[in-house]
Amino acid sequence: MSRQYETVIGLEVHVELATQTKIFCGCSTKFGGAPNTHTCPVCTGMPGSLPVLNKQVVEYAMAVGLATNCTITKNCKFDRKNYFYPDNPQNYQISQLYYPICRNGGIEIDVNGNKKVIGIHEIHMEEDAGKLIHDEWEDCSLVDFNRSGVPLIEIVSEPDMRSADEVIAYLDKLRLIIQYLGASDCKLQEGSMRADVNLSVREVGAQEFGTRTEMKNLNSFKAIARAIEGERRRQIELIEEGKKVIQETRRWDDNKEYSYAMRSKEDAQDYRYFPEPDLVPIIISDEWIERVRKAQPELRDEKRLRYKEEFDIPEYDADILTSSKHMADLFEETVAICKKPKEVSNWLMVEAMRLLKETEKEPEDMDFAPENLAKLIELVGDSKINRTVAKEVFELIFKEDIDPEEYVKEKGLMMVNDDGQLRSVIEAVIEANPQSVSDYKNGKEKALGFLVGQTMKEMKGKANPGKINEILRELL
Amino acid sequence: MSILRLTAVELGKKIKDKEISVREACEAVIKQIEAEEKELNCYVTVLDKEAILKKADEIQAKIDSGELTGPLAGVPFAVKDNMCTKNVLTTCSSKILGNFVPTYDAQAVINLEAAGAIVIGKTNMDEFAMGSTTETSAYGVTKNPWNIEHVPGGSSGGSAAAVASGECIAALGSDTGGSIRQPSSFCGVTGLKPTYGTISRYGLIAYGSSLDQIGPIAKDVTDCATILEAIASYDPKDSTSVKRDSYDFTSELTGDVKGMKIGIPRDYLSEGLDSEVKEAVLGAAKALEEKGAIVEEFDLSLVEYAIPAYYIIASAEASSNLARFDGVKYGYRTKEYEGLHNMYKKSRSEGFGPEVKRRIMLGSFVLSSGYYDAYYMKALRTKALIKKAFDKAFEKYDVILSPAAPTTAPKLGNSLSDPIKMYLGDIYTISVNLAGLPGISVPCGSDSKKLPIGVQFISNCFDEKSILNAALAYEKTRDITYSDVLVKGDK
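Residue numbers (numbering that gives the first Met the number 0), protein chains in the order written: chain A, 0 to 475; chain B, 0 to 490.
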C-alpha cells in the first residue's frame with residue numbers, strides 16, 4: 000500500500016440507566032422475569048395510555064453530563080421518533096432530537112501516556128424497546144415488553160478517535176464515570192452498555208471526512224477492536240480498488256470477523272421526528288443542576304489520587320484498584336474493617352486478579368463479603384495461618400465467600416506456635432537427616448532450607464516458617 | 000314531567016329526594032333507547048340491561064346510606080366511544096378497534112362514576128374523532144333527532160344526539176377542533192370544552208394530543224358546570240394535566256352579566272356564515288346587552304390561518320398516535336398475510352376508513368424530512384400567534400361571542416365528498432383548541448328548517464366561570480330552554 004490512511008471514528012453509546020422503575024411508567028426495570036410481567040398499559044402502548052417522566056432518569060442523565068463536562072440544556076424536550084417494528088409497542092420511540100439534555104462536553108483519554116480530549120456532541124434520554132422471540136417450532140414471533148420503557152441515555156461522541164486503542168480508552172473511561180456515578184452497571188455482555196461505531200477512512204492530511212459506515216452488534220471491547228480493524232481494512236480495500244464506500248449500517252459478526260450490510264442510506268427510514276405532545280418541556284434550574292453536582296460521588300480520578308495519598312499505595316496499584324467501581328468499593332470496605340490498606344491491596348492486586356483471569360470473570364463479578372477478606376488478613380497478621388494456607392483460603396473466599404475463621408478452625412489449619420511440639424519434630428528431622436546437617440555445618444545454607452521443608456511437611460504445613468528457622472539454627 | 004325531560008341536576012335532586020328511584024331513571028332511558036336507537040343509532044355499545052339495573056340498585060343503596068350525596072348520583076350517562084371503559088368494548092367507531100376491550104377506565108370515567116353517575120353505553124362518533132358529521136363511523140351514521148335526514152354533527156355526534164333524544168340524560172364528549180360544540184349546536188344541546196389540561200386525557204384514545212379535551216354535553220349550562228366539576232381533576236398520569244387553583248365551577252354560577260364585556264369577532268360574521276345563523280347569534284348578543292353586558296364587534300385577525308394550522312398539527316399528531324394500531328397487540332388483524340410488512344399494510348388498509356387514512360397520510364407528509372419546517376413548524380408558529388391574538392382580545396373582553404358553526408346541520412351524505420368544505424365548517428371552533436381556551440355552545444333558536452342553531456362563548460384560559468355565566472345569562476332570557484329539546488313520543 001503506497002498511500003497512508005487515517006481512521007476517523009465516532010461512537011454512539013447506549014447506556015441503560017439503573018433506575019428502579021421505567022422511564023415513563025411505574026413498572027420494574029428488573030432483568031429477567033416471565034415475559035410481559037413487568038408491563039402496564041403505558042409500556043405496552045395501549046390506547047389512551049400516557050407517559051409520565053421518571054425524574055431519576057433526568058438526574059442520572061444530568062449527572063453523566065456534568066461528569067463529562069457537558070452543558071445542561073435548561074429547557075429540554077422529548078420528541079417522537081416514528082418507525083414501525085413489533086418490539087416498539089407505540090410504533091414510535093420517545094427520544095430527544097431537537098433539545099437533548101446535555102451538549103458540548105468531552106472527556107480526556109490516555110493511550111500509552113498520550114493524552115487527548117474526545118468531544119461529546121450530545122447526550123439524550125430515550126426509552127428501550129421490547130424483545131422479539133422467534134419461535135422456530137411454532138413458526139411465529141412473540142414479543143416480550145419487559146424491556147420496553149427501560150430508560151436509556153445515548154452518548155454521541157464527536158468523530159475524534161483515530162484508532163481502536165483510543166476507542167477502547169474512551170469507552171473504558173466513559174464506563175468508569177457512569178459506574179462511579181451509580182447511573183448504570185455498564186455491562187457490555189449483558190447489553191446495559193452498547194456501542195455503535197461510526198467509521199470512515201481518509202488519506203492522511205485530507206481535510207474532508209470520508210464516507211462513513213455505522214457498525215452495530217458489538218458486545219465486547221475485543222469485538223469492538225476487531226470490528227474497527229476489519230472495517231478499516233474493508234474501506235481501504237474498496238478505495239484502493241477505486242470503488243466507493245457506501246454510507247450504510249453494517250452488522251458485525253464477531254465469529255466470522257466480518258460485517259454485513261444491513262441497510263444503506265437510500266433506504267434509511269424517515270423517522271418523522273416531532274415534539275412529543277404528551278410530555279411537557281423539562282425546565283432545569285441552576286439550583287437543580289447544583290443539587291445534582293453536589294450529590295456527585297467521588298469519581299475515579301479523585302479516588303486514584305486519594306488512594307496514593309491516604310493509603311500510600313503506588314500509582315499502578317491505585318490504577319488497578321479503581322479500574323472498577325466494584326473493586327474500589329470492596330477495597331475500601333475491607334480497609335475500613337481491618338485498617339490494613341496495603342495488605343488488602345496486595346490480595347486484590349495479586350490473588351484476586353489472578354483468579355479473575357483464570358475464571359474469565361470481570362471485577363464486577365466478585366461477590367464475596369469484605370468481612371471475610373478482612374478476617375483472612377487478620378488471621379495472617381496474627382500468625383494464625385501461614386501464606387500458603389492463606390492463599391488456599393482466599394481462593395475459597397473468592398469462589399464461595401466462605402468465613403475463613405470457621406473454615407480454618409474446622410479443617411485444623413491453624414499454625415502451630417507451640418514451641419515444645421515444634422522442637423520435638425525438628426529434633427526428629429535433624430536425627431533423620433544427618434547428611435543435610437553436616438552440609439549445613441559445612442556452610443551450605445541451602446541445606447537449611449531442605450530441613451525447614453522437611454519440618455513443614457511433618458507439620459502438614461501448619462507451622463510458622465520463621466519459627467522453624469529460629470529453632471533449627473539454635474539446635475544446630 | 001317525564002324523566003327524560005329532566006336535566007341531570009334536576010333528576011339527581013329528585014333521586015335524592017326519593018321522588019324517582021335510580022332504577023326508574025335507568026329504565027326510562029333504556030326504554031327510550033329501545034324505541035329510538037334503531038332509527039338514530041346514537042350508540043356503538045349499549046350495556047346489558049340487567050347490568051345497568053344491577054348498577055342502579057347498587058348506586059341507590061349508596062345514596063340511601065348517605066355514601067353518595069353528589070348532584071349526579073344515580074343519573075344515567077353516555078360516554079363517547081373514544082374513552083376507555085374497563086371490560087366494555089371501546090372502538091373509536093373504527094373497525095381496527097372492533098374487538099378492543101380495555102382493562103382500565105379513562106380517568107374522566109373514573110371521576111364520573113365516583114360521582115355516582117351510571118354509564119349506560121358508548122356513543123357513536125366519527126372514526127377516531129376525525130370528521131364533523133359522525134358519518135365516518137365504521138358502525139353506521141347517527142341521525143339528527145330533529146330531522147333524521149340530517150347529520151348530528153361530529154365527531155361527538157352520538158353523544159349529542161343521545162342527549163337530544165333522551166337516550167341518556169347527559170353525556171361525555173371530546174373536542175379536538177369543535178367536536179363537542181359543533182354537534183351540540185346541531186342537536187340543540189349545550190356542550191362545553193374546558194381549558195386544555197382541565198380534564199385528564201388518561202384513557203382518552205388520542206387524536207391530536209395537544210388539542211384533545213374531554214367535556215360534557217348536556218341539556219343546559221348548569222348541567223355542564225356540574226358535570227365539569229365532577230370530572231375535572233389534576234391527574235399525575237397525564238403530564239399535560241394542570242393543577243388548577245379551584246375545581247369549583249358551580250358556586251359562582253349566577254348568570255349575572257352586568258358590566259361584562261363581550262366582544263364579537265367581526266371576522267367571524269363575514270363570508271360563509273348562513274344568514275339565519277347570523278341573525279340568531281346576533282339576537283343572543285342583543286339579549287345579553289339587554290341584561291347589562293357591554294357588547295361590541297372587534298377584529299380578531301388571523302382567522303383564515305386557523306384551519307390550515309389545525310389540520311397540519313392535528314393530522315401530524317394523529318399520524319403518530321394511530322401508528323400503534325398495527326394488528327400486533329390488539330384490535331383488528333387481517334386474515335391472510337405474508338410476513339410482517341404485509342400484515343401491517345393489510346391490517347391498517349382494511350382497519351381504517353378513508354377519512355382516517357387521509358389524515359394519516361397528510362400528517363405523515365407534513366412531518367417528512369424536508370417538509371417539517373415548511374408545514375409543521377410553521378403551523379406551530381401560527382398556533383402561537385393565534386394564542387397571542389386571543390390574549391390581546393382578552394385584555395379588552397371578558398368573553399368572546401360567536402356562532403358555533405357557520406350553518407345548521409347539513410343533510411346526510413352531503414359532506415364527505417368535499418372534505419375541504421367540511422373542514423371549513425370548523426372555522427369558529429378550531430381556534431379555541433389551538434389556543435387551549437374554554438368554549439361552550441348553547442342553543443339559540445332554530446332556522447326555517449327547524450334545525451337548531453348554537454351560539455358559542457369563549458373565554459380566557461382557566462376562566463370557565465365567565466363563559467358559564469354568560470351562557471347561563473343568555474339561557475335565562477329564553478322562554479324555553481332544554482324543554483325544546485326533542486324527545487320523541489314525549490311531546
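Built from N, CA and C at the ideal position, the CB exists for glycine as well.
Keep in mind that this is a model prediction, so the values were computed, not measured.
Counting only unbroken stretches of 3 or more residues, the beta strand (DSSP E) elements lying wholly within the segment 234–306 of chain A are 247–252 and 257–263, in sequence order. In the same chain as residue 418(B), and ignoring 5 residues on each side of it, the C-beta atoms closer than 8 Å to its own belong to 354 and 357, in chain order.
Between residue 186(B) and residue 120(B), the gap from beta carbon to beta carbon reaches 9 Å or more.
Following the DSSP letters along the chain, one finds residue 171(B) inside the beta strand (DSSP E) bounded by residues 169–174.
The C-alpha of residue 390(A) lies about 16 Å from the C-alpha of residue 464(A). It is roughly 59 Å from the alpha-carbon of residue 316(B) to the alpha-carbon of residue 371(A). Shown here for residue 100(B): same chain residues with a beta carbon closer than 8 Å to its own, the five before and five after excluded, namely 86, 87, 88 and 89 in chain order. Judged by pairs of C-beta atoms under 8 Å, the segment 53–70 of chain A touches the segment 89–108 of chain A, as three or more such pairs exist. Residues of chain A with a Cβ closer than 8 Å to the Cβ of residue 236(B) are, in chain order, 49 and 51.
In this model, residue 88(A) and residue 241(B) are separated by some 27 Å (Cα to Cα).
Put simply, the CB of residue 319(B) is near chain A, with a gap under 9 Å to one of its CB atoms. No residue range can be given for residue 265(B), since it is assigned to no beta strand (DSSP E) and is classified by DSSP as neither H nor E. Secondary structure at residue 134(A): strand, using DSSP grouped into helix, strand and coil.
Going by C-alpha positions, residue 42(A) is about 46 Å away from residue 443(B).
Residue 105(B) reaches chain A at 47, counting residues in chain order whose Cβ is nearer than 8 Å.
Per the DSSP secondary-structure output, residue 75(A) pairs in a beta bridge with 281(A).
Here residue 74(A) is exposed, its C-beta having fewer than 16 other C-beta atoms within 10 Å. The CB of residue 316(B) comes closer than 7 Å to the CB of 276 in chain A, given here in chain order. Under the rule that a run must span 4 or more residues, the alpha helix (DSSP H) segments found entirely inside the segment 34–91 of chain B read 48–63. In the structure shown, residue 388(B) adopts helical secondary structure according to DSSP, grouped into three states. For residue 90(A), the chain B residues whose C-beta falls within less than 7 Å of its own C-beta are 322, 323 and 325, listed in chain order. Between residue 452(A) and residue 385(A), the C-beta spacing is not below 9 Å. Proximity of chain B to residue 43(A) at the Cβ level (cut-off 8 Å) is accounted for by 328, in chain order. A direct Cα-Cα distance of roughly 18 Å separates residue 276(B) from residue 422(B). Counting only unbroken stretches of 4 or more residues, the alpha helix (DSSP H) elements lying wholly within the segment 86–144 of chain B are 106–113, in sequence order.
Residues of the segment 362–392 of chain B with a C-beta less than 7 Å from any C-beta of chain A: 363, 366, 367, 368 and 375, listed in chain order. Residues of the segment 182–203 of chain B with a C-beta less than 9 Å from any C-beta of chain A: 199, 200, 201, 202 and 203, listed in chain order. Neighbourhood of residue 79(A) in chain B, by CB distance below 7 Å: 319, in chain order.
Boundaries for residue 49(A): no beta strand (DSSP E) harbours it, and the DSSP string shows neither H nor E there. A contact between stretches requires three or more CB pairs, one per stretch, nearer than 8 Å, and the segment 399–416 of chain B meets this requirement with the segment 136–149 of chain B. Leaving aside the five residues that flank residue 136(A) on each side, none in its chain has a CB nearer than 7 Å to its CB. Closest option to residue 438(B), judged by alpha-carbon separation, among 171(B), 447(B), 446(B) and 428(B): 428(B). Here residue 189(A) is exposed: its Cβ has fewer than 16 other Cβ atoms, across all protein chains shown, within 10 Å.
At a cut-off of 9 Å between C-beta atoms, residue 99(B) counts as an interface residue with respect to chain A. The Cβ-Cβ distance between residue 74(B) and residue 169(B) falls below 9 Å. Straight-line spacing of the CA atoms in residue 79(A) and residue 35(A) works out to 24 Å.
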